[in-house]
Amino acid sequence: MGPIDSPTSRSQRRVPRWLVVLMSLGVVLVLGGALLVVSNPPTLTFGWFAYAPLSEETYAPLGENPWSSLFPPAAIAGWVSLLVGLLLWAFCAGWLVGRRRRPAD
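Read left to right, the sequence shown gives residues 38 to 142 (our numbering).
Structure, rendered in structure tokens:
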């Protein structure tokens, strides 16, 4: 057995199963989040509005919550999913880079 095929070099390259599961979950979250963001663009409507001087009600063209038209709930869920997926990838990459190596004999 050469230095490349030694049992210790194979065990150092092995990635734990839980890390593979986390990376896969990160892929699913990033792709799903990106799909939600792309498929739910903001819906802005522009049109005619009138001034009603005798009315006692305030007219809000965007409804009760003006941010709901700029950021639909599905798009917010997509951004959160994308962020969580990227954080999972960052954790996995940091763990792979920073894990302790066995000392060379």
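Glycine is no exception: its CB is placed at the ideal position from the N, C-alpha and C atoms. Please read these numbers as outputs of a predicted model, since none were measured by experiment.
Worksheet item: Should Ser-118 be labelled buried (16 or more other beta-carbon atoms within 10 Å of its own) or exposed?
Response: Locating residue 118 in the sequence shown gives position 81, counting from the first residue. Classification of Ser-118: buried, given that the 10 Å Cβ count is 16 or more.
Worksheet item: By a C-beta neighbour count over all protein chains shown, 10 Å radius and 16 as the cutoff for buried, is Leu-66 buried or exposed?
Response: Position 29 of the sequence shown, counted from the start, is the residue given in the question as residue 66. Label assigned to Leu-66: buried.
Worksheet item: At a cut of 8 Å, does the segment 125-132 reach the segment 68-82 through at least three beta carbon pairs?
Response: no
Worksheet item: In chain order, what residues of the same chain lie with their CB nearer than 8 Å to the CB of Leu-125, ignoring the 5 residues before and after it?
Response: One-based indexing of the sequence shown puts residue 125 at position 88. So the qualifying residues of the chain are Leu-59, Met-60, Leu-62, Gly-63 and Leu-66.
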